[in-house]
Each structure stands twice: as C-alpha cells, then as structure tokens.
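Each protein sequence line maps, in turn, to chains A and B. Each residue of the first sequence is one higher than the one before, starting from 1 at the first, in the numbering used here. Each residue of the second sequence is one higher than the one before, starting from 1 at the first, in the numbering used here. Read through the structure below, which is laid out as structure tokens, and then see the notes.
Number of protein chains: 2
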Amino acid sequence: MAKPAPQSQAEMRQRNLSRVLHALAAEGPLSRAEVAARIGLTRAAVSTLVDELSRGGLLVERGPGRSGAVGRPGTGLLLTDRGPCGFGAEIGVDHLAVAVMDLRGRVRIRLGQETRNQGAEPAAVLATLTGMLRDAARDAAGAGLRPTGLTVAVPGLLARDAGSGRSRLLMAPNLGWRDIDLAAGLPTGLGPVTVENEANLGALAELWSAGGAGVQDSFVHVSAEIGIGAAVVVEGRLLRGAHGFAGELGHVPVRPEGRPCSCGGRGCLETYAGEEAVLRAAGLEPGPGVRLGALAARCEAGDAGALRAVRQAGTALGIALSGAVNLLDPRQVVVGGALARLAPWLLAPVSRELARRTSVAAGGRSTPVPVRASPLGPDGPLLGAAGFTVRAALDEPSRLLRG
Amino acid sequence: MAKPAPQSQAEMRQRNLSRVLHALAAEGPLSRAEVAARIGLTRAAVSTLVDELSRGGLLVERGPGRSGAVGRPGTGLLLTDRGPCGFGAEIGVDHLAVAVMDLRGRVRIRLGQETRNQGAEPAAVLATLTGMLRDAARDAAGAGLRPTGLTVAVPGLLARDAGSGRSRLLMAPNLGWRDIDLAAGLPTGLGPVTVENEANLGALAELWSAGGAGVQDSFVHVSAEIGIGAAVVVEGRLLRGAHGFAGELGHVPVRPEGRPCSCGGRGCLETYAGEEAVLRAAGLEPGPGVRLGALAARCEAGDAGALRAVRQAGTALGIALSGAVNLLDPRQVVVGGALARLAPWLLAPVSRELARRTSVAAGGRSTPVPVRASPLGPDGPLLGAAGFTVRAALDEPSRLLRG
DNA sequence: GTATTTCGTCATGGCCGTTAACAAATTAGT
DNA sequence: ACTAATTTGTTAACGGCCATGACGAAATAC
Numbered sequence: 001m002a003k004p005a006p007q008s009q010a011e012m013r014q015r016n017l018s019r020v021l022h023a024l025a026a027e028g029p030l031s032r033a034e035v036a037a038r039i040g041l042t043r044a045a046v047s048t049l050v051d052e053l054s055r056g057g058l059l060v061e062r063g064p065g066r067s068g069a070v071g072r073p074g075t076g077l078l079l080t081d082r083g084p085c086g087f088g089a090e091i092g093v094d095h096l097a098v099a100v101m102d103l104r105g106r107v108r109i110r111l112g113q114e115t116r117n118q119g120a121e122p123a124a125v126l127a128t129l130t131g132m133l134r135d136a137a138r139d140a141a142g143a144g145l146r147p148t149g150l151t152v153a154v155p156g157l158l159a160r161d162a163g164s165g166r167s168r169l170l171m172a173p174n175l176g177w178r179d180i181d182l183a184a185g186l187p188t189g190l191g192p193v194t195v196e197n198e199a200n201l202g203a204l205a206e207l208w209s210a211g212g213a214g215v216q217d218s219f220v221h222v223s224a225e226i227g228i229g230a231a232v233v234v235e236g237r238l239l240r241g242a243h244g245f246a247g248e249l250g251h252v253p254v255r256p257e258g259r260p261c262s263c264g265g266r267g268c269l270e271t272y273a274g275e276e277a278v279l280r281a282a283g284l285e286p287g288p289g290v291r292l293g294a295l296a297a298r299c300e301a302g303d304a305g306a307l308r309a310v311r312q313a314g315t316a317l318g319i320a321l322s323g324a325v326n327l328l329d330p331r332q333v334v335v336g337g338a339l340a341r342l343a344p345w346l347l348a349p350v351s352r353e354l355a356r357r358t359s360v361a362a363g364g365r366s367t368p369v370p371v372r373a374s375p376l377g378p379d380g381p382l383l384g385a386a387g388f389t390v391r392a393a394l395d396e397p398s399r400l401l402r403g
Numbered sequence: 001m002a003k004p005a006p007q008s009q010a011e012m013r014q015r016n017l018s019r020v021l022h023a024l025a026a027e028g029p030l031s032r033a034e035v036a037a038r039i040g041l042t043r044a045a046v047s048t049l050v051d052e053l054s055r056g057g058l059l060v061e062r063g064p065g066r067s068g069a070v071g072r073p074g075t076g077l078l079l080t081d082r083g084p085c086g087f088g089a090e091i092g093v094d095h096l097a098v099a100v101m102d103l104r105g106r107v108r109i110r111l112g113q114e115t116r117n118q119g120a121e122p123a124a125v126l127a128t129l130t131g132m133l134r135d136a137a138r139d140a141a142g143a144g145l146r147p148t149g150l151t152v153a154v155p156g157l158l159a160r161d162a163g164s165g166r167s168r169l170l171m172a173p174n175l176g177w178r179d180i181d182l183a184a185g186l187p188t189g190l191g192p193v194t195v196e197n198e199a200n201l202g203a204l205a206e207l208w209s210a211g212g213a214g215v216q217d218s219f220v221h222v223s224a225e226i227g228i229g230a231a232v233v234v235e236g237r238l239l240r241g242a243h244g245f246a247g248e249l250g251h252v253p254v255r256p257e258g259r260p261c262s263c264g265g266r267g268c269l270e271t272y273a274g275e276e277a278v279l280r281a282a283g284l285e286p287g288p289g290v291r292l293g294a295l296a297a298r299c300e301a302g303d304a305g306a307l308r309a310v311r312q313a314g315t316a317l318g319i320a321l322s323g324a325v326n327l328l329d330p331r332q333v334v335v336g337g338a339l340a341r342l343a344p345w346l347l348a349p350v351s352r353e354l355a356r357r358t359s360v361a362a363g364g365r366s367t368p369v370p371v372r373a374s375p376l377g378p379d380g381p382l383l384g385a386a387g388f389t390v391r392a393a394l395d396e397p398s399r400l401l402r403g
C-alpha cells in the first residue's frame, strides 16, 4: 500500500520559511516586523521562523536597522553570504562560463574561457567545463560557500524526461549536437543538475534583476543564439509550453510565401532576421568569429550596408513581435542576449512596426508596448543559470537547513 | 494601525475544503477514502472535512458506492444539486442567453432570446437581460437553488479596474458599445457580478468539459465573434495578458504589406479571415442575420465560391496560428464559437499550414499540433460563464457554508 | 464460517500560527 | 531631564488542524 505521502502539515511551515527567505532576498535587510508585514504573518510567527533559519546559519543579524523614525528600531536581517550558494554554467557557441552566486544574489566567483564548441565533441566540451566547475568549487569552498546545485544554460531545445526528471538536450543547431544527456557528463557533488535553454534563463535573469529599471512580471524576451528565441514571462512565471518548446519566434511566419526556411516552412522570421541572414545581407560571410559582434562594429563605423541590413532585420522582427504582442499582451518587450549589442540600430524599426500593428489591439491605450534592450546583455543566460539555482534553493529551506 | 489580516491558519482548512469540493466536482461520486487518495490527505482528515461540508448542505451521501472489489464498500459522496448554483449570461450580437448551473456542473435552467443588440442602447439590452435573469432566479428558487454569483460573457475588450475589482467594458466593436460599466446595469441579489470576454469563457468551457475528448490543460482556443479572438490556456490557467488584452489573434500580421486594416496596420488576419472579409469573399453581403451560419449553409450546399472563401480564410488562419503555435507550444488548437460551424471545411487548410510551418519548431516531434473543433460550439461562452461562477464558488467554501 | 481487505470513526498527540501582554529601545514633547 | 508615545521582539496560553494508530463495520475470498 503506497502511503499517500505526508502532506500539508509541515508543508505550511516550509512554505513560510521559504517566504521569509524570499522576502529577504528581494529587499535587502529587513527587520522581523518588516518581514511579517511583507508576508502577512504576525511578528511572533516570524520570530520563530527567523530563529530556525538563524540557527541553521542561513541568515545573520546586522545590528540595529533604520533610525529616524519613532519607536524601537528593528534589527536588520540579511541572508548569509557564507553558506549555501548556487552554481551556474553556460555552454555557448564559442565560450564556456561558470558563475557562483550567493544567497543574496551576488556573483562571487566567475570564470570564462574562449573555446570553439561548434561541431566539437560534446564529451570534450563537458570535460573542459567540468574542470572549470571544479576550479570554481575549490574557490567557493575557500570563500566558505557550499554548493546547492548547478544549472547549465545551453543554446538548444530540451525535453524534460518525466521519469528521471532530467532534461535531455534534443538538438542544438549552433553546436551541432543532438540527443545528449548533458547532466551525465557533468560533475556530481555540486548538487542536482538542471539543464535549461539559455534564452529562458536570460529572460529569468531579466526578471530577477530587480536593481534594473524594469521590474516587470510580464514580458517577451528576445535573444538570438539559436536562430531567434523568445522567452515569454507571464505573471512572473516562465512559459515553457506543453512540450517545453515554447518561444520559437524564429519560425513565426513573417512573409507567408517568402524565402524557404530550413524548417520546411516559408518566410520564417529566421530567414530575415536570423544571424546568418543578417550577416549575409550586410555583406559579411558568416563563419567562426564572424558573428553579431562584427556586425555591431560595422554599424558603429557607419557602414551603410550593415545599417540597412540591421534595419531590415528589425522590421521583420517587429512584424513577428507584433503578432506575439497581440497574442500575449506583455507589459514590455526586452531585447537581450547577443542581440542587445545591436540595440542602438535595431530598436527603432522594431518599435515602429510594433506601434503600427498593435494600436487598436491594445484597446486603444495611448502608449504602445515599450521595447528596450536588456541591461544584462550577453551575461543574461549565465546570471539566469546561477540565479535559477539560488531560487530553487530558497524554495526548499529544509534542504538548506539539514546541510 | 492596519492589522496584517489573519492568515495561513484557517486558510489551510479552507483550501482543503475547497480541494474536496473540486475533487467531487471533477469525478462523479467518490468515497471518503477515494477523496483522501486524490487530494493527498488521510482518511481521518477527509472525514472531518466531509462532515463540515455535509452539515453545511454542500454534499450528500448516495448510499453504498462501488461493489465487486474486496473490502467494505465506501459511501458515495456527491455534490448537492439543490443548494448553491452559478448564474451565467451571454450578450451576443443577436441574442441574449442565461444559464443556471448547479455545483455538479449540470445546466439546470436555460433561457434564450433573439434580440438585435448591434447598435442598440446598452441600457435597454441590460434591462431585457435583467428580466431574463429574474425569471431564471425565480425558477432557480423553485428548484431549491440559491445563486452565488453571475458571470456575463461579452464580445468585447475589458479592463479590470484595480480599485473596485470590477471590469469595465472598454469596447465591443460588434455591438458598437464603448466604455460601459455593465455590472452597474444588472441585478444585484444574485451575488458578485463578473464580466468577462466571451472568447475567454469559451476556452474555459472547453477546458472544463471533462466529459469531452480532450482534457488538455494547454491549448489555443480560436473563436470569431469580435474579429477573431484566441484564448490561450496554459497549465490550466487562462492567459489574460498584462492589461487583459491577450488573445488578439485577429490583428496578427499575416501578409505584412497586405490589406489595410481598421486597426491601422496592414495584412492583419482579420482582413482575410474575419467574418466580414469571409462573407464578402463568398459573395455574401454582411448584414443583420447574414452571418457565419449563412456561409455554413452555402458550404453544405456545395457552393464553390463559399468553399473557396472558407479555404482561403483557413489558410490565413493557419498562418497566424502557426505563429502562435511556434510561440506557445500548445498541446492542441481548438476551433470554437461560431467558427466551429465551419469546421468541416476550415480544419483541413488550417492543419495544412500548421503542419508546414511548425515541424522543426516542434523539435522534430512526429505529429504536428492537432486541430479540432470544439464540441461545445456556440454554447461555449454561456457554459463557460456559468461554469466560471460555479468554480469561483467552489474556491470559497466559507462563502457557501455561511449561506 | 473464518480470514482478509477496505472503509469510516475516534482518541491522542504534535505542530503551528494567533492573541495578548510585556520588556526594551528609541523619538516627541514639555 | 523626564514622561508619554510608539514600535520592536519575545513569551505563554490558546485553539485549530492534520497525522497516527487502533477499532468496529461491511463486504469479498477461500
């Protein structure tokens, strides 16, 4: 007889512990009373929660807090910067990177390495990455940080295996990889390994970068590593799709009977605004090292061909995005990843198309959807990966406390 | 000093009461032990929950349940069909309708009336509807049903007012209405009034029609009352958008420099597959009474012009939908509302375009997204409205018990 | 007819958040 | 300088809720 799995009793406690952690992670130092107000519990209840977390070493007191107001000042509580931490890694087309983030969300360790991963043997790349992770783990131990998990950002399509809970990499066109279990090639000992699409992680990084301008909980995030990926965040949650394939903006039809696309369709956005298409339109021959960065350089130099190519790509992107905006009604559109470097020339045509095509659909609201470049730029996926691990840890206080 | 609002203590109880109700609503009669297994509580806990609900008159025992298996048979529990009920109403272009649904999800009372609402004075229409609602309320009282709320389906754009929590109708093109507080013109005494877009409610009806073929929790639902509306359901939740305007499939660009649209854009889906466009393409003059039904009749008669018009509309719809499918990765696409009547001729071209344009995007999965017609058809919005009220009631057991 | 299985209930116990009261720490006012 | 007011954090009593374990009840299996 399978026991119905104990539930709902200790679960409330766990959730409340987690809510305290998240409140502190989101808003710097807070007193117990402030936490209580934020999460809707009484001061007494928060006291016991804080006690438990404090004895577990997850948070520290930072002396008397604010002053100037009437009444006894509260003691500032802060998440520890010496306990658990989250590992993030990124496998790019021409680089590998690792970051270690503490519970406060600060990046404490960061390693990067240029490598040609395109067409390389996955095992070799994973071996290199494993080496970097071990280095980072050593540094982390030196700083008093204890790993709670690893999240890897990959430019490819993933399928979550229902059985094992692990994600398989189905296809990574830019790497030339197919059907690989990445987690199997990475070190154990850092905790559970999650593999996630890098566009999705870039969007999450954007979502979590509370310091930045836009703390928007609902937006479309466009990046361009695998063709053109869009990640959709709705009400603070990432939209993954029924099979995990959501966000394929690259194959949204822009001109229904236009250029044939490798996907079998015609006139997909990718054939107009994909990296290869744009480079060719600008008169550049795509190849190792010749990527969007090179195009950005030409634009900066005022190269007319490059500027025209980017403008045209922006128009196509704007058309595809206006479909997405009509359908999803996001609060804003964010251009991130490598695409962010082209923002100075890309944003205007994108905004123009969006303004043209989403006016009435938006219920006649005066201002069209704002389009902006991600301040994180190419760092998004790596920060998102590390942040993902940290958030996951904060969601499970019991795991952190037992350690 | 604002009290932090008591929380988390009685809330767990409420949620568990609600979970019992939902379990019984979803799967016919269940014994206490079966409920316990479904919602993950112990039999003892469920016993007390059932006790409370039973004393409140929300559920009834239906004698010994299943037999044939070993062991003492459980007593079948069922939601009452004589207590609380939900009201739903629909304001269509040429009809009004009211339905009363009991907690079991069965429609107990249903009234319909042909009226020309297009261009009519809102107050007059609301007065007629109020009369129908009063009739229904009288019948309900006779059947021992007590109203817990009213949900109204409207073919228009709504804005939720953050302050009052009420929804304002911003714009209903087909009715010619603008900026109206519908709830203000409807009877009080039925409980809280909710106004919601009819495409959204149609999709929810589809989601809740567990009896039907597809118990899919993630799909795109297309209907065609206001231009062309799509409702997106993700993980069982309706995607509303940041401003509540999500689902404007009608203004997704299909041919970027195609026909000018009333929205200011060009080549919107609506200009190819909207009701007016399709009727004209089929050689019908749109007008009162001449609507999609007339077109369906011609198709049935084998009218070549009509068939061609529908085929072309289907192609345009398929193009727009392939954008949506690439972006959202739904488990299926459902054609509902008035559009469902054209399904026999519409589905093939839609599927064809989807198959062409979403193959690789779907990660090379062999079967493309299935497209099917809603079995509910034009009834969807009304059923969704009544169902919405009932679900809302089941979410708040305390409200039902105090009654 | 007995053993077995499953259902529903009851008493017990542990955990958790609320309530209410209180000491501590600071500002405002005179 | 001293009192009043205000806010914080802690403590003890209380009540609610679910889990555990045992038990009688009601059916099937042998």
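Glycine included, each C-beta is placed from N, C-alpha and C at the ideal position.
DSSP three-state call for residue i: helix, strand or coil?
i                : result
Gly337 (chain B) : helix
Cys263 (chain A) : coil
Ala213 (chain A) : Confidence at Ala213 (chain A) is low in this model, with a pLDDT of 47, below 50, so the placement of that residue should be treated as unreliable; the coordinate-derived value is given next. Three-state DSSP puts Ala213 (chain A) in coil, outside helix and strand.
Pro330 (chain B) : coil
Gln312 (chain A) : helix
Gln9 (chain A)   : coil
Pro397 (chain B) : helix
Gln118 (chain B) : coil
Ser18 (chain B)  : helix
Leu347 (chain B) : helix
Ile228 (chain A) : coil
Met1 (chain B)   : Low confidence applies to Met1 (chain B): its pLDDT is 33, below 50, so where it sits in the model is not reliable, and the reading given next is rough at best. Reduced to three states, the DSSP call for Met1 (chain B) is coil.
His405 (chain A) : With chain A running from 1 to 403 in the structure shown, residue 405 (chain A) is simply not present.
Which residues in the same chain as residue i place their Cβ atom closer than 6 Å to its Cβ, once the five residues preceding and following it in sequence are excluded?
i                : result
Gln216 (chain A) : Arg331, Gln332
Ala373 (chain A) : Val335, Ala340, Ala343
Val371 (chain B) : Val333, Leu347, Val350, Ser351
Gly264 (chain B) : none
Cys236 (chain A) : In the sequence as displayed, the identity of residue 236 (chain A) is Gly instead of Cys. Within the same chain, Gly236 (chain A) has close Cβ partners Asp217.
Gly377 (chain A) : Ala340
What do you reckon, are the CB atoms on residue i and residue j nearer than 8 Å?
i                : j                : result
Leu24 (chain A)  : Leu49 (chain A)  : no
Ala120 (chain A) : Glu225 (chain A) : no
Val100 (chain A) : Ala386 (chain A) : yes
His251 (chain B) : Arg357 (chain A) : yes
Ala306 (chain B) : Ala282 (chain B) : yes
Leu249 (chain B) : Glu275 (chain B) : no
Leu158 (chain B) : Val195 (chain B) : yes
Gly318 (chain B) : Leu354 (chain B) : yes
Val154 (chain A) : Leu182 (chain A) : yes
Gly68 (chain B)  : Pro29 (chain B)  : no
Glu90 (chain A)  : Leu382 (chain A) : yes
Could you pull out every residue in the same chain whose Cβ sits closer than 7 Å to the Cβ of residue i, ignoring the five residues on either side in sequence?
i                : result
Gly405 (chain A) : The displayed coordinates of chain A run from 1 to 403. Any statement about residue 405 (chain A) would go beyond what the structure contains.
Phe219 (chain B) : Val233, Pro330, Arg331, Gln332, Val333, Val334
Leu204 (chain A) : Leu238, Gly384, Gly387, Phe388
Between residue i and the rest of its own chain, which residues show a CB-CB distance below 8 Å, the 5 nearest in sequence each way excluded?
i                : result
Ala316 (chain B) : Val254, Leu269, Tyr272, Ala273
Q. When Cβ atoms are compared, which residues of the segment 310 to 341 of chain A fall closer than 8 Å to chain B?
A. Ile319, Ala320, Ser322, Gly323, Ala324, Asn326, Leu327, Leu328, Asp329, Pro330, Arg331
Q. At a Cβ cut of 9 Å, what residues of the segment 240 to 256 of chain B count as close to chain A, listed as they run along the chain?
A. For the segment 240 to 256 of chain B, the residues whose beta carbon sits under 9 Å from a beta carbon of chain A are, in order, Arg240, Gly241, Ala242, His243, Gly244, Phe245, Ala246, Gly247, Glu248, Leu249, Gly250, His251, Val252, Pro253, Val254, Arg255, Pro256.
Q: Anything in the segment 168 to 199 of chain A with a Cβ closer than 8 Å to a Cβ of chain B? List those residues in chain order, please.
A: Leu170, Met171
Q.
If the cut-off is 8 Å on Cβ atoms, which residues from the segment 218 to 236 of chain A count as contacting chain B, listed in chain order?
A. The segment 218 to 236 of chain A vs chain B, Cβ under 8 Å: Ser218, Ala230, Val232, Val234.
Q) Contact between the segment 76 to 92 of chain A and the segment 107 to 127 of chain A: three or more CB pairs below 8 Å? A) yes
Q | Interfacial residues, the segment 72 to 86 of chain A to chain B, with Cβ spacing under 9 Å | A | none
Q: Check distances from the C-beta atoms of the segment 280 to 302 of chain B to those of chain A and list, in chain order, the residues that come in under 8 Å.
A: Flagged: no residues at all.
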